[in-house]
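Structure first, then comments.
Written as structure tokens, this is what we have:
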């Protein structure tokens, strides 16, 4: 079978993958802490191509997460914070593993533990002693609360982690990322020092989906899909002519 | 057999091969760094038809007598790569690179060298600069580039700095089209020495240089040419059929 059909079919399939990614991004345009995915068609290097062969359309669609920051959205909750650079903070998942997140919507549970989304403890854990109230976090990650006498005391410190290759982190759902072999070396520090940027208290990081860009990508993918579809139809018509060459 | 059959056949064969190239160009309309293929048309030299007939001795055993000439139509001589630059898309990612001239040098794990305009690079687990397949991007000395953690800047000569400190200089080489052989949609293998080139831009990716309008119109034109030749072939087949079965038959 001529490769025109394979090439056209691969064009359609890969543009469909791009549309899938765009759909997911657009659905999460308001999800706090969401990092958009970008899909890109790429060629693959092959060692040797025969002169008349090898034209099989798109080799692959690669996706990577764009970790450029979303704009902080003010929530006026003193325990919320937004990370402004490409780092993460650690939480302990329910199965005991340490995972990383960017959604800084912290709260305090009934026992006074400072918890992140879903009730997961911060890592290292921070607990408010009994009787302390009005917890807050500041720009350098210090978690403070008012004690019984009304004095603001420090009860813990938030630490941030940065990875050599954030693309290598595995996505676990709920905005959590897991460390893998591919994510490389991890460096830890406090906000505002050791190369980490200060956090913004009273805000959470918004989604970094840019609707204009997503719609543009969607239109381009749609038209490319149509063009590949047309080339598939042309190939099909030519094949039909070939099979009807003689009666 | 009828000469026209061969003319029509070569045209249909050429149309198939051309459509393969066009379909590939259309499918890769959004592939980063893709360089499209274009066709160069050329006519066959007119073919001499000679008669080879046995002759009695003492003449030589065979005489080549020129009977006539036919043209066998035009055919696609070869496909060449169009190396014009595709449009640059600004992405803002610090490891997305594009060049105005020349190609980036990448090394496969087996040691083969490829050259590409596909500048979507990233870090691997060790912090080396790699392509999305894990092929290492090379510096001017042909070695791998290890990036420190944190932001890096790349200037237009390909010099990578991090916080003002020099890290490495990217190898960007330009070649003449004759030196490059296609090796995948966006990759090339080079023969011989290249010339260092510049014009590196950080935060941009070069898109495909497929011209969708041109490819689609060529595709439709070729399809109609194919259809016309198919009709010629059918008609000739009909003629042959009549010659074989009806000529010289008695009666009606």
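Protein chains in written order, with the working numbering: chain A, 8 to 254; chain B, 48 to 299. In this text, a Cβ means the ideal position worked out from N, Cα and C, and glycines have one as well.
| query | Can you list, in chain order, the residues of the segment 225–249 of chain A whose Cβ is nearer than 9 Å to any Cβ on chain B? | reply | 227, 228, 230, 231, 234, 235, 237, 238, 239, 241, 242, 244, 245, 248, 249
| Using a Cβ-Cβ cut-off of 6 Å (strictly less than) and excluding sequence neighbours within five positions of residue 13 of chain A, which residues of its own chain qualify? | 63
| query | Just curious, the alpha helix (DSSP H) that residue 273 of chain B is in, first and last residue? | reply | 259–292
| At a CB-CB cut-off below 7 Å, which residues of chain A make contact with residue 68 of chain B? | 62
| residue 185 of chain A and residue 106 of chain A look like a contact to me (Cβ under 8 Å); what is the Cβ gap, rounded to whole Å? | 5 Å
| task | Quick one: residues in its chain with C-beta nearer than 6 Å to the C-beta of residue 72 of chain B, no 5 flanking neighbours on either side, listed in chain order? | result | 83, 257, 262
| Would you say residue 254 of chain B and residue 156 of chain B are within 7 Å of each other, going by their C-beta atoms? | no
| request: Identify the continuous beta strand (DSSP E) that holds residue 107 of chain A and give its terminal residues. | output: 105–108
| query | Rounded to the nearest angstrom, how far is the Cβ of residue 148 of chain B from that of residue 246 of chain B, given a contact under 8 Å? | reply | 5 Å
| Three-pair Cβ contact test at 8 Å for the segment 189–196 of chain B versus the segment 231–238 of chain B | no
| Proximal residues of chain B, C-beta to C-beta of residue 72 of chain A below 9 Å | Going along chain B, no residue has its Cβ under 9 Å from residue 72 of chain A, so there is no contact; the nearest lies around 11 Å.
| said: Please report the distance separating the alpha-carbon of residue 89 of chain A from that of residue 176 of chain A. | reply: 20 Å
| field | Members of the segment 236–262 of chain B that neighbour chain A once the beta carbon cut-off is set at 7 Å | value | 259
| request: Just the C-alpha distance for residue 71 of chain A and residue 236 of chain B, rounded to the nearest angstrom, thanks. | output: 27 Å
| task | Return the first residue and the last residue of the alpha helix (DSSP H) that residue 184 of chain A is part of. | result | Premise fails: residue 184 of chain A lies in the beta strand (DSSP E), 183–185, not in any alpha helix (DSSP H).
| Partners in chain A for residue 73 of chain B, counting only beta-carbon separations shorter than 9 Å | 14, 15, 18, 64, 231, 234, 235, 237, 238
| field | Within-7 Å CB hit, residue 97 of chain A to chain B | value | no
| Proximal chain A residues relative to residue 161 of chain B, where beta-carbon distance stays under 8 Å | 52
| message | Does the structure place the segment 226–238 of chain A close enough to the segment 13–28 of chain A that three or more beta carbon pairs sit under 8 Å? | response | yes
| said: Assuming residue 138 of chain B and residue 251 of chain B are in contact, meaning their beta carbons sit under 8 Å apart, how far apart are those beta carbons, in whole angstroms? | reply: 7 Å
| Any chain A beta carbon closer than 7 Å to residue 216 of chain B | no
| field | Opening and closing residue of the alpha helix (DSSP H) in which residue 12 of chain A lies | value | 10–34
| request: For residue 108 of chain A, count neighbouring Cβ atoms within 10 angstroms of its own Cβ and tell me buried if that reaches 16, exposed if not. | output: buried
| said: Just to confirm my understanding: we take residue 116 of chain A, look at its own chain, exclude 5 residues before and 5 after, and list those with CB closer than 8 Å. What are they? | reply: 122, 126
| said: I'd like to know whether the C-beta atoms of residue 193 of chain A and residue 168 of chain A end up nearer to each other than 7 Å. | reply: yes
| message | Please identify the residue among A:27, A:113, A:34, A:195 whose C-alpha is closest to the C-alpha of residue 84 of chain A. | response | A:113
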